[in-house]
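J.: Below are the C-alpha cells for one structure; questions will follow.
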Amino acid sequence: MIIGGLQPVTLLDYPQKVAAIVFTSGCNMRCHFCYNFKLVLPELIKDQQSFKEDEVLAFLKRRSQYLDGLVITGGEPTMQADLPEFLRQVKDFGYQVKLDTNGLLPEVLEKLLLEKLIDYIAMDIKGPLDQYEKFCGVKIKPEIIASSVKIVRNSGLPHEFRSTLVKGLHQKNDIIEMAKVIEGADLYYLQNFQADEILSGDISKVSGFTLEELEAMQKSIKGLVKQCLIR
Numbered sequence: 008m009i010i011g012g013l014q015p016v017t018l019l020d021y022p023q024k025v026a027a028i029v030f031t032s033g034c035n036m037r038c039h040f041c042y043n044f045k046l047v048l049p050e051l052i053k054d055q056q057s058f059k060e061d062e063v064l065a066f067l068k069r070r071s072q073y074l075d076g077l078v079i080t081g082g083e084p085t086m087q088a089d090l091p092e093f094l095r096q097v098k099d100f101g102y103q104v105k106l107d108t109n110g111l112l113p114e115v116l117e118k119l120l121l122e123k124l125i126d127y128i129a130m131d132i133k134g135p136l137d138q139y140e141k142f143c144g145v146k147i148k149p150e151i152i153a154s155s156v157k158i159v160r161n162s163g164l165p166h167e168f169r170s171t172l173v174k175g176l177h178q179k180n181d182i183i184e185m186a187k188v189i190e191g192a193d194l195y196y197l198q199n200f201q202a203d204e205i206l207s208g209d210i211s212k213v214s215g216f217t218l219e220e221l222e223a224m225q226k227s228i229k230g231l232v233k234q235c236l237i238r
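Counting from 8, one number per residue, gives the positions in the sequence shown under the numbering used here.
Here it is in C-alpha cells:
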C-alpha cells in the first residue's frame, strides 16, 4: 500500500476504542474543500514522506497489546489494491478495523465485508446525489454512491454517515436532500468545516457554519435519520 501517514494513537476516531490511524495516499475524488489534499494530489504525494508497509505492520504488531483498533483512512483507502492483504495481517494481530470511505468503490466494500476484514464503517456523503460533482470535483454516477449507502446500511456492522459542511457551498436544502440519501440511518454526523488550507480556491472565501446554523440544519432533518449529531 501507499501509506502517507501514521498516527500512533487516537482516542477520538474510533468510537470506544484506543486506536492507531493509517493514512493511505491517493483519492478518486477532488473535493474543493478537502483539507487532506496532500494525500490526494499526485504531484504532492510524490514529494511527501511515505511509510513502508512492512514497517507499519511491524509497529502495529508491537503495539497490539496496547491498542484495540486501527482506523484506515486517506485519501481513499479502497483504491489500494493490496488493502485486503494489509487488513488480513492487521486482523491477525487482533485489531478491530474502522474504514473511512467516500463510497466510490462499492465492489471493494463488498469484498472487505465478505472477508470480514472491517468492523466499523464511516462513509462520507458529500452532497445531494443529483449535484454530487459540484461537491466531489469529479463526474460520478449517483447510483454508485446510492449502492454504497445500501451496502453500508445492510452490512450488519456499526456504521456512521457524515458530511463536512462548508458555508457558501452547502445550503440548508442540500442537507435535507443529503439526509434523504441515507434516510432511516442510525447515525449521521454534521461536521463543521475547519481548515487552514484547501485543495482549490481561496481559503478566505470559505468557512464553517455557526453553531446556531448547524443546530437549525440538525432540526431540519429530524425524522429522516434516527440520530443526527454535530461535531
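Built from N, CA and C at the ideal position, the CB exists for glycine as well. Computed from a prediction, not measured in an experiment: that's the story for all the values here.
(1) Taking 7 Å as the limit between beta carbons, can you name the residues of its chain near residue 100, skipping five residues before and five after?
(2) Between 25, 97, 196, which lies nearest to residue 73 when the distance is taken from Cα to Cα?
(3) Look up residue 136 in the DSSP assignment and say whether it is helix, strand or coil.
(4) Do residue 107 and residue 78 have their C-beta atoms closer together than 9 Å?
(5) What are the boundary residues of the alpha helix (DSSP H) that residue 183 is part of?
(6) Does the segment 89-97 come within contact of the segment 113-127, defined as at least 3 CB pairs closer than 8 Å?
(7) Just curious, the alpha helix (DSSP H) that residue 118 is in, first and last residue?
(8) Please report the residue range of the beta strand (DSSP E) in which residue 23 lies.
(9) Pick from 131, 171, 144, 165: whose alpha carbon is nearest that of residue 153?
(10) What's the call for residue 84, buried or exposed, on a 16-neighbour Cβ count within 10 Å?
(11) By the 10 Å Cβ neighbour count, where 16 or more other Cβ atoms means buried, how is residue 233 classified, buried or exposed?
(12) So, for residue 146: in the same chain, excluding its five sequence neighbours on each side, which residues have a beta-carbon less than 7 Å away from its beta-carbon?
T.: In this structure, then:
(1) Answer for residue 100: 67, 68, 71, listed in chain order.
(2) Ranking 25, 97, 196 by Cα distance to residue 73 puts 25 first.
(3) Note: residue 136 maps to helix in three-state DSSP.
(4) Taking the C-beta atoms as reference points, residue 78 is found nearer than 9 Å to residue 107.
(5) Residue 183 -> alpha helix (DSSP H) spans 179-188.
(6) Yes, since at least three Cβ pairs between the segment 89-97 and the segment 113-127 fall closer than 8 Å, the two stretches touch.
(7) Bounds of the alpha helix (DSSP H) holding residue 118 are 113-121.
(8) Note, residue 23: premise wrong, no beta strand (DSSP E); not H, not E.
(9) Nearest of 131, 171, 144, 165 to residue 153, Cα basis: 131.
(10) Buried, because 16 or more other Cβ atoms sit within 10 Å of the Cβ of residue 84.
(11) Residue environment: residue 233 is assigned as exposed (fewer than 16 neighbouring CB atoms within 10 Å of its CB, all protein chains considered).
(12) If we look at residue 146 and ignore the five residues flanking it on each side, its Cβ neighbours are 140.
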